[in-house]
Ligand code: PHE
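Numbering (our numbering), first residue to last: 752 to 1200.
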């Protein structure tokens, strides 16, 4: 199997791809808006702790398992099983991961389609095609369907190209663009009237909120979603890493970039809200809470940009391109999960697998669009609130308890003969065995009751 599988061409290529998967709407949209409504810096602090103490060990579990088996998520989990029972559970966990990944992509593709629509609408408006621009930003069923379809076609096209020519090549082009755009936008926004108030909200913690279970739950969900955990994305990307690479350090780099970009996005989004308030845009809801999530991105920001004339058009185009790029490098990583499985399990060509899996997921998105009211929120909650933590838990149990310790150590020794004496090996195995499953279970239980 390993012979004709794809592989990332370079370490940097892998880091761009994995960071591209991790950095997405979750970082630039989800994290800052949740921070805004959950006590600003208090949320930031809890998020940072959870990201490094819980999400990073799970990320490592996925990367190591993927690299060891050099196979898709189902093959990997059933591959380390010790008997028929664990084999069935492993296969089931892998398949559940594929299902949850598909659910995530089905709502992600819709939101990404909106981002694409907003990106195109601003330049169209400038050249006088204002009815086309209005159509692209109006919430109608045909527009939602078409934009989602276009975005899914872009995702499918990249995945058809394969690991090196598709995923690595596009992530390496798009990620630097994303980082530069984000820094430039934040730097500009910080010079505007009102920005400092937003900065204060972001950086001065409201400690009264720090132990709220709502805050901890949102921060954990945010960290898991943001690092693309549980559904097998990182496992599959890990399976394309060369045996020469030192996994703990490249995993750490990916986690650092992901967290870094979420934090950086906070320096853009929170100040932007208060700049908008300064210009008369409503940023608080009737109950006094800060407007967040969809209203923030789809109402507050466009209203702010509208007060800024030509600069506003440029800023808006840059901002929504940033969102579209972030979404694209994530969506390809999600589609790769079912595609890798189909190619290896049923021996299909990559192109056929990408078209069929992508087409099926796009029809799921279509169904959500047709019954938006009932399905959109439900699919998000089911996949990200319950699916991802549950899968993360199962993964820890597999890597911590089912996988033989010697094989695990041998895998890590491939590029670091002294790993057993290092800090990572002293801490991480205990973490995936005890700490992660217990904490995830507690948080998960609390989210149910
Ligand atoms: N990490 C991505 C984001 O932050 C979303 C994602 C979730 C990607 C799960 C892959 C798997 O937007």
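No residue lacks a Cβ here, since even glycine has one placed at the ideal position from N, Cα and C.
Note that this is a predicted model, so its numbers are computed, not measured.
Quiz item: Using the C-alpha atoms, what's the distance from residue 929 back to residue 959?
Solution: Here residue 959 is taken as the residue at index 208 of the chain shown, counted from 1. Here residue 929 is taken as the residue at index 178 of the chain shown, counted from 1. Cα to Cα, residue 959 sits roughly 35 Å from residue 929.
Quiz prompt | Within 6 Å of ligand 2: residues by beta-carbon to any heavy atom | solution = Among the ligands in the structure shown, ligand 2 does not appear; only ligand 1 can be found there.
Self-check item: Three-state class that DSSP yields for residue 1042 in the structure shown
Solution: Here residue 1042 is taken as the residue at index 291 of the chain shown, counted from 1. Note: residue 1042 maps to coil in three-state DSSP.
Exercise. Could you please give the first and the last residue of the uninterrupted alpha helix (DSSP H) stretch that includes residue 988?
Key: Position 237 of the chain shown holds residue 988. Per DSSP, residue 988 belongs to the alpha helix (DSSP H) from 984–989.
Self-check item: N- and C-terminal bounds of the alpha helix (DSSP H) containing residue 819
Solution: Counted from its first residue, the chain shown places residue 819 at position 68. Where residue 819 is concerned, the enclosing alpha helix (DSSP H) stretches over 807–820.
Quiz prompt | residue 818 classed as buried or exposed, judged by whether at least 16 other C-beta atoms fall within 10 angstroms | solution = Taking the chain shown and counting its residues from 1, one reaches residue 818 at position 67. By the neighbour-count rule (16 or more Cβ atoms within 10 Å), residue 818 is buried.
Quiz prompt | Anticipated Cβ contact below 8 Å, residue 874 with residue 1068, distance rounded | solution = Reading the chain shown from its first residue, position 123 is the one you call residue 874. Reading the chain shown from its first residue, position 317 is the one you call residue 1068. With a Cβ gap of about 6 Å, residue 874 and residue 1068 count as contacting.
Quiz item: In the DSSP assignment, what residue or residues form a beta bridge with residue 1127?
Solution: Position 376 of the chain shown holds residue 1127. None, per the DSSP bridge assignment.
Exercise. Go to residue 965, then tell me how far its alpha helix (DSSP H) extends in each direction, as first and last residue.
Key: The residue labelled residue 965 in the question sits at position 214 within the chain shown. Residues 964–977.
Exercise. Evaluate residue 1079 with the Cβ neighbour count: other Cβ atoms within 10 Å of its Cβ, from every protein chain shown; 16 or more gives buried, anything less gives exposed.
Key: Position 328 of the chain shown, counted from the first residue, corresponds to residue 1079. When all chains shown are included, residue 1079 counts as buried.
Quiz item: Are there 16 or more other CB atoms within 10 angstroms of the CB of residue 980, so buried, or fewer, so exposed?
Solution: Within the chain shown, numbered from 1, the residue matching residue 980 stands at position 229. The residue is buried, with at least 16 neighbouring Cβ atoms inside 10 Å.
Self-check item: Closest Cα partner of residue 1201 within the set 1081, 816, 785
Solution: Within the shown structure, residues of the chain are numbered from 752 to 1200, placing residue 1201 beyond reach of any answer.
Self-check item: Cα-Cα separation between residue 900 and residue 1113, rounded to whole angstroms
Solution: Counting from 1 along the chain shown, the entry for residue 900 is found at position 149. Counting from 1 along the chain shown, the entry for residue 1113 is found at position 362. Cα to Cα, residue 900 sits roughly 7 Å from residue 1113.
Exercise. Identify every run of the alpha helix (DSSP H) within the segment 1033–1088, keeping only runs that are complete inside it and at least 4 residues long; order them along the chain.
Key: 1052–1057
Quiz item: Where are the alpha helix (DSSP H) runs, 4 residues long or more, that stay fully inside the segment 852–905, in chain order?
Solution: 881–888
Quiz prompt | Unbroken alpha helix (DSSP H) run spanning residue 762, endpoints | solution = Taking the first residue of the chain shown as position 1, residue 762 is located at position 11. 762–773 is the span of the alpha helix (DSSP H), which, as asked, contains residue 762.
Quiz item: When the Cα atoms are used, what is the spatial distance from residue 1073 to residue 1019?
Solution: Residue numbering aside, residue 1073 sits at position 322 when the chain shown is read from its first letter. Residue numbering aside, residue 1019 sits at position 268 when the chain shown is read from its first letter. Rounded to the nearest angstrom, the two C-alpha atoms are 12 Å apart.
Quiz item: Hey, how far is the Cα of residue 752 from the Cα of residue 1091?
Solution: Taking the first residue of the chain shown as 1, we reach residue 752 at position 1. Taking the first residue of the chain shown as 1, we reach residue 1091 at position 340. Because residue 752 carries a pLDDT of 44, less than 50, the predicted location of this residue cannot be relied on, and the following value inherits that uncertainty. Rounded to the nearest angstrom, the two C-alpha atoms are 12 Å apart.
Quiz item: Which same chain residues, not among the five before or five after residue 754, have their C-beta less than 6 Å away from its C-beta?
Solution: In the chain shown, counting from the first residue as 1, residue 754 sits at position 3. For residue 754, the predicted structure reports a pLDDT of 42, less than 50, and the residue's modelled location is therefore unreliable. A value from the coordinates is still provided. No residues qualify anywhere along the chain.
Quiz item: At which residues does the alpha helix (DSSP H) containing residue 1176 begin and terminate?
Solution: In the chain shown, counting from the first residue as 1, residue 1176 sits at position 425. Taken as a continuous stretch (DSSP letters only), the alpha helix (DSSP H) holding residue 1176 covers 1174–1181.
Quiz item: Closest by CA to residue 827, which one among 770, 876, 989?
Solution: The residue given as residue 827 occupies position 76 in the chain shown. The option with the nearest alpha carbon to residue 827 is 989.
Quiz item: So residue 1100 is in the alpha helix (DSSP H); what residue range does that whole segment cover?
Solution: The residue you call residue 1100 lines up with position 349 of the chain shown. Per DSSP, residue 1100 belongs to no alpha helix (DSSP H) and is neither H nor E.
Quiz item: With DSSP run on the structure shown, which of helix, strand or coil describes residue 833?
Solution: Sequence index remark: in the chain shown, residue 833 carries index 82 (1-based). In this structure, residue 833 counts as coil in the three-state DSSP scheme.
Self-check item: Integer-rounded CB distance, given that residue 1005 should sit under 8 Å from residue 802
Solution: Residue numbering aside, residue 802 sits at position 51 when the chain shown is read from its first letter. Residue numbering aside, residue 1005 sits at position 254 when the chain shown is read from its first letter. With a Cβ gap of about 11 Å, residue 802 and residue 1005 do not count as contacting.
Quiz item: Taking the Cβ atom as the reference point for each residue, do residue 966 and residue 789 lie within a distance shorter than 7 Å?
Solution: For this step, residue 966 is matched to residue 215 along the chain shown. For this step, residue 789 is matched to residue 38 along the chain shown. Cβ distance < 7 Å, so residue 966 and residue 789 count as in contact.
Quiz prompt | Residues of its chain near residue 796, where Cβ-Cβ distance is below 8 Å and the 5 sequence neighbours each way are ignored | solution = What you label residue 796 is simply residue 45 of the chain shown in a count that begins at 1. So the list reads 956, 961, once near-sequence residues are dropped.
Quiz prompt | Nonlocal neighbours in the same chain, by C-beta distance under 6 Å from residue 911, ignoring five residues either side | solution = In the chain shown, counting from the first residue as 1, residue 911 sits at position 160. These residues qualify, in order along the chain: 1102, 1105.
Self-check item: Residues near residue 954 in its chain [Cβ-Cβ closer than 6 Å; skip 5 each side]
Solution: As a working note, residue 954 is residue 203 in the chain shown. Same-chain partners within the cutoff: 792.
Quiz item: How big is the Cα-Cα spacing for residue 936 and residue 762?
Solution: In the chain shown, residue 936 corresponds to position 185, counting from 1. In the chain shown, residue 762 corresponds to position 11, counting from 1. When rounded, the distance between both Cα atoms is 28 Å.
Quiz prompt | Closest Cα partner of residue 1169 within the set 999, 908, 1038 | solution = What you label residue 1169 is simply residue 418 of the chain shown in a count that begins at 1. Taking only the C-alpha atoms, the option nearest residue 1169 is 999.
Quiz item: Which residue from 993, 914, 1017 puts its Cα closest to that of residue 941?
Solution: Taking the first residue of the chain shown as position 1, residue 941 is located at position 190. Answer by Cα proximity: 1017.
Quiz item: residue 1115: which of 782, 892, 856 sits nearest, CA to CA?
Solution: Taking the first residue of the chain shown as 1, we reach residue 1115 at position 364. Minimum Cα distance to residue 1115 is reached at 856.
Quiz item: Distance, Cα to Cα, residue 1124 vs residue 1130?
Solution: Position 373 of the chain shown, counted from the start, is the residue given in the question as residue 1124. Position 379 of the chain shown, counted from the start, is the residue given in the question as residue 1130. Rounded to whole angstroms, residue 1124 to residue 1130 spans 11 Å at the Cα level.
Quiz item: Do the segment 861–879 and the segment 895–909 touch if we need at least three Cβ pairs shorter than 8 Å?
Solution: yes
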